[in-house]
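*Asks:*
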Amino acid sequence: MSLQNQIETLGTEFWTWRTRQQPRSHDDIPRIEREHNWLPAWSPSDVAQYRQVIAEFNDRYTALEESVSVLKDKDPELYVDYRLIGSAIARVIWELDYLLVWQEQPRFYIDQTIGVVFDLLTVPNVDHLRVNEVTHILNNTATILQSGRENLAGNLVGEYVEVAIELLESIEVQISTLVTELAKCVDSDSAEQLQSAGDSSAQAFVSFRDWLIANRVAAKPFKPVGRENYRWFLHNVALLPFEPEEIISIGELEWERAVTLEHITTNRYRAEPMPPIPSSAPEQVENERNAELQVREFYESEGILSQPESLGHYLNDSLPAYLEPIRWLGVTDDLTGPSRVDEDGVSYVPDPRPDLPYFYAANARDTRAGIVHEGAHYQQLALSWRNSRILRRYYYDSGVNEGIAFYNEELMLAAGLFHDAPQSQVVMYNFMKLRALRVIVDVKLAIGAIDAAQATEYLEKKVPMDHETAYEEAVFFASSPGQALTYQIGKTQIIRLFSDSIEARRSSFNMKDFHDYLWTNGNVPISLLRFEMLNDSSDLDRLNL
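Position one of the sequence shown corresponds to residue 243 (our numbering), numbered consecutively onward.
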């Protein structure tokens, strides 16, 4: 078997296994298509088996290392594909042995139960088959939560327990409402089965909540993952060529830049009124539909990014009644999937009101604010899932995905998309400020420079935001080290790649070609794209030094 076949076989076999093993996440970027009636499996024996299998994959991967080393010069594209497998394997090891979400975080098991239901219901056109899948996961909630108790016993972390108890405060009411609304989509027999499964699931959650309450006193305090473990993640999973302290410096510089630009822009447009909130969700949906066409035309007319006819549209829709009670479980959108690349993406929006949360309010006032970020996710994924190189169709790390979307915000701002919307320009700079701040909190929590209480106070003062929201943000960052930094650090890498590409190609540089390549390869860490595009291995050489 040729080396290329060995790499492709290893990667294909890994991803076949990973789609069954990968835990559900409340982030929308890592969502993957599952087999019919898929169930998460996280009993202690399942975890032991996962560790055995990933060790075998890692052995096969490292066995190819010496042979693959010659590819750096002869076949850089295949070399990049090989390194992607290493990133994917490292992520599983990170989840199982470093992050330990399955052992310390009750929220993990909320995600593996009702969270799976949420993902099933974000896909439009719910039908009889989908409702049966919802019934299936609800019927298995008790079993999955029991696995959670076995793994969490003696390992609970206090901060994570408190957040989980709060999230489950009204879970029985939420499931009841969900079931009532969803039952309207099916016949009476299916509705009866759904109701029974909902009752069973609600009882299991109440029992799980009671167990958490009873064990909260014995829970241990939050312990950071630590600098060296965090560094291992940066260099082996995310393939980021930075030390933690360098990442903090980038965040601090970008925070100062964003604060300055926001202030200058606010002053410039101080007499401009704030745009109104739409009167209804249908009005916002129509606003977004028109704005999406405008954004696509802008990409083409300005020579920024190709918009092939085969690419669907990113649209808004009213939040379905059955999703309303569980909307807290994730991002209320559907970015489609590898088997649905010809379908439109959709982001569900609530009925507009004066007290809409931060991002919902920004998107309601100017739907382009969401289009240039979440819409960029949709287009990037739809294009990446079409990549001719199979191993580039999968998720590896959010650094490139979120980096592209955040980069696209400033790209479109600088290109003039928001010239007619002064207050939206202010919003774009405010987004920059928030994402830069996340970098600082993410890294400092991970390396133990601050604890959750200090992070809460920092966010309260800097954003600013209310104490409760700041605490929830701090605990989320603590529980997912390396995720909150992805927006800013990915964007920083892309800007450097853009600049160096201009210098390398001079007059032959084409902005649209650059972005077409970036979006199509939008699942591949930037350090690998730099090597492939510019024959520059400096970022890769810094890994694990």
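Ideal placement from N, C-alpha and C gives every residue a C-beta, glycine not left out.
1) How would you call ASN777, buried or exposed, if buried means at least 16 neighbouring beta carbons within 10 angstroms?
2) Taking all protein chains shown into account, decide if ARG563 is buried (16 or more other Cβ within 10 angstroms of its Cβ) or exposed.
3) Looking at ASN393 and TRP453, is the spacing between their C-beta atoms short of 7 Å?
4) If we count Cβ pairs, one from each stretch, closer than 8 Å, do we get three or more for the stretch 263-280 versus the stretch 302-316?
5) From what residue to what residue does the beta strand (DSSP E) around GLY587 run?
6) Could you check the C-alpha separation between LEU577 and ASN367 for me, to the nearest Å?
7) Taking only runs of the alpha helix (DSSP H) that begin and end inside the stretch 332-369, which ones reach a length of at least 4 residues, in chain order?
8) Using a Cβ-Cβ cutoff of less than 6 Å, which residues in the same chain neighbour LEU625 once the five nearest sequence positions on both sides are dropped?
9) Please classify TYR556: does DSSP put it in a helix, a strand, or coil?
10) In the DSSP output, which residue or residues are listed as bridge partners for VAL399?
11) Check this for me: beta carbons of LYS733 and TYR649, under 7 Å apart or not?
12) Using CA atoms only, rank isn't needed, just tell me which of PRO664, PRO550, ILE731 and GLY579 is closest to ALA604.
13) In whole angstroms, give me the CA-to-CA distance for ALA695 and ARG260.
14) Shortest alpha-carbon distance to GLU710 belongs to which of LYS703, THR698 and ALA720?
15) For VAL671, which residues in the same chain have their Cβ closer than 7 Å to its Cβ, ignoring the five residues on either side in sequence?
16) Hey, out of PHE256, HIS278, ARG333 and CYS427, whose CA is closest to VAL295's CA?
17) What are the start and end residues of each continuous alpha helix (DSSP H) run of 4 or more residues lying completely inside the stretch 725-757, in chain order?
18) Measure the C-alpha to C-alpha separation of VAL583 and ARG635 and round it to an integer number of angstroms.
19) Determine the direct distance from the alpha carbon of PRO524 to that of SER311, and round the result to whole angstroms.
20) With burial defined as no fewer than 16 other Cβ atoms inside 10 Å of the residue's Cβ, what is the status of GLY493: buried or exposed?
21) Let me check you understand the geometry: is the CB of GLU544 closer than 6 Å to at least one non-hydrogen atom of the ligand PLP?
22) At which residue ranges does the stretch 566-636 contain complete beta strand (DSSP E) runs of 3 or more residues, listed in the order of the chain?
23) Check this for me: beta carbons of ASP288 and PRO483, under 7 Å apart or not?
24) Which word fits ASP662, buried or exposed, when buried means at least 16 other C-beta atoms lie within 10 angstroms of its C-beta?
25) Touching or not, the stretch 427-441 and the stretch 343-363, by the rule of three or more beta carbon pairs under 8 Å?
26) Just how far apart, CA to CA, sit PRO463 and THR355?
27) How many angstroms separate the CA atom of ARG391 from the CA atom of GLU487?
*Replies:* Inspection of the coordinates gives the following:
1) Within the sequence shown, numbered from 1, the residue matching residue 777 stands at position 535. It is exposed - the Cβ of ASN777 has fewer than 16 other Cβ atoms within 10 Å.
2) Taking the first residue of the sequence shown as 1, we reach residue 563 at position 321. The sequence shown places Ala at residue 563, rather than the Arg named in the question. So ALA563 ends up on the exposed side.
3) Working through the sequence shown from its first residue, we reach residue 453 at position 211. Working through the sequence shown from its first residue, we reach residue 393 at position 151. No, they are not a contact pair.
4) no
5) Start at 1 with the first residue of the sequence shown, and residue 587 comes out as number 345. Where GLY587 is concerned, the enclosing beta strand (DSSP E) stretches over 587-591.
6) Indexing the sequence shown from 1 puts residue 577 at position 335. Indexing the sequence shown from 1 puts residue 367 at position 125. Near 14 Å, if we compare the C-alpha coordinates of ASN367 and LEU577.
7) Complete alpha helix (DSSP H) runs here, min 4: 343-346, 348-353 and 356-364.
8) As a position in the sequence shown, residue 625 is number 383, starting the count at 1. Taken in chain order, the residues that qualify are TRP761 and THR762.
9) Residue 556 sits at position 314 when you count from the first residue of the sequence shown. Strand at TYR556.
10) In the sequence shown, counting from the first residue as 1, residue 399 sits at position 157. In the DSSP assignment, VAL399 is bridged to LYS462.
11) Along the sequence shown, read from residue 1 onward, the residue named residue 733 stands at position 491. Along the sequence shown, read from residue 1 onward, the residue named residue 649 stands at position 407. Yes, the Cβ-Cβ distance between LYS733 and TYR649 is below 7 Å.
12) For the purposes of this step, residue 604 is taken as residue 362 along the sequence shown, with counting starting at 1. Nearest of PRO664, PRO550, ILE731 and GLY579 to ALA604, Cα basis: PRO664.
13) Stepping through the sequence shown from its first residue, residue 695 is reached at position 453. Stepping through the sequence shown from its first residue, residue 260 is reached at position 18. Spanning the two alpha carbons is a distance of roughly 36 Å.
14) Against the sequence shown, residue 710 aligns to sequence position 468. Looking only at LYS703, THR698 and ALA720, the smallest Cα-Cα distance to GLU710 is reached by THR698.
15) Stepping through the sequence shown from its first residue, residue 671 is reached at position 429. Looking at the sequence itself, residue 671 is Tyr, so the reference to Val does not match. Hits under 7 Å: ALA500, LEU503, GLU504 and THR507.
16) For this step, residue 295 is matched to residue 53 along the sequence shown. Out of PHE256, HIS278, ARG333 and CYS427, PHE256 has the C-alpha closest to the C-alpha of VAL295.
17) 728-747
18) Residue 583 sits at position 341 when you count from the first residue of the sequence shown. Residue 635 sits at position 393 when you count from the first residue of the sequence shown. Going by the C-alpha atoms only, they are around 12 Å apart.
19) Here residue 311 refers to the residue found at position 69 when the sequence shown is read from its first residue. Here residue 524 refers to the residue found at position 282 when the sequence shown is read from its first residue. Taking the straight line from one Cα to the other gives about 56 Å.
20) Counting from one through the sequence shown, the residue named residue 493 turns up at place 251. Buried.
21) With respect to the ligand PLP, the structure shown offers nothing to examine, as it has no ligands at all.
22) 587-591
23) Translated into positions along the sequence shown, residue 288 becomes position 46. Translated into positions along the sequence shown, residue 483 becomes position 241. It is not a contact, given that the beta carbons lie outside the stated cut-off.
24) Translated into the one-based positions of the sequence shown, residue 662 becomes position 420. By the 10 Å Cβ count, ASP662 comes out exposed.
25) A contact between stretches requires three or more CB pairs, one per stretch, nearer than 8 Å, and the stretch 427-441 fails this requirement with the stretch 343-363.
26) What you label residue 463 is simply residue 221 of the sequence shown in a count that begins at 1. What you label residue 355 is simply residue 113 of the sequence shown in a count that begins at 1. Computed Cα separation, rounded: 26 Å.
27) Start at 1 with the first residue of the sequence shown, and residue 391 comes out as number 149. Start at 1 with the first residue of the sequence shown, and residue 487 comes out as number 245. Using only the alpha carbons, I get a separation of about 37 Å.
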